[in-house]
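This report refers to the structure that appears directly beneath it.
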């Protein structure tokens, strides 16, 4: 009877050890999934920030170049000269 009791105790402890191992594996899997989700969220945020930067760059008004300013000035001068004639 003492041997049976000891065997039952060993089986109980083995079962509890298996449960603890399974719980630890589940915790590790959940941690890995959470870390992956955080990495995915960070990548998505970086992509959104890059899109916003590109949109802001596209929305910025383009300043005229020196050549464009000179051409506009010459055109106004020519139009003024033509009106005077």
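Numbering (this note's numbering), first residue to last: 450 to 534. No residue lacks a Cβ here, since even glycine has one placed at the ideal position from N, Cα and C.
Give the range of the alpha helix (DSSP H) segment to which residue i is assigned.
i           : result
residue 516 : 515-533
State the DSSP-derived secondary structure class of residue i, mapped to helix, strand or coil.
i           : result
residue 450 : coil
residue 468 : helix
residue 461 : helix
residue 535 : The chain is shown from 450 up to 534; residue 535 falls before or after that span and cannot be answered.
residue 509 : coil
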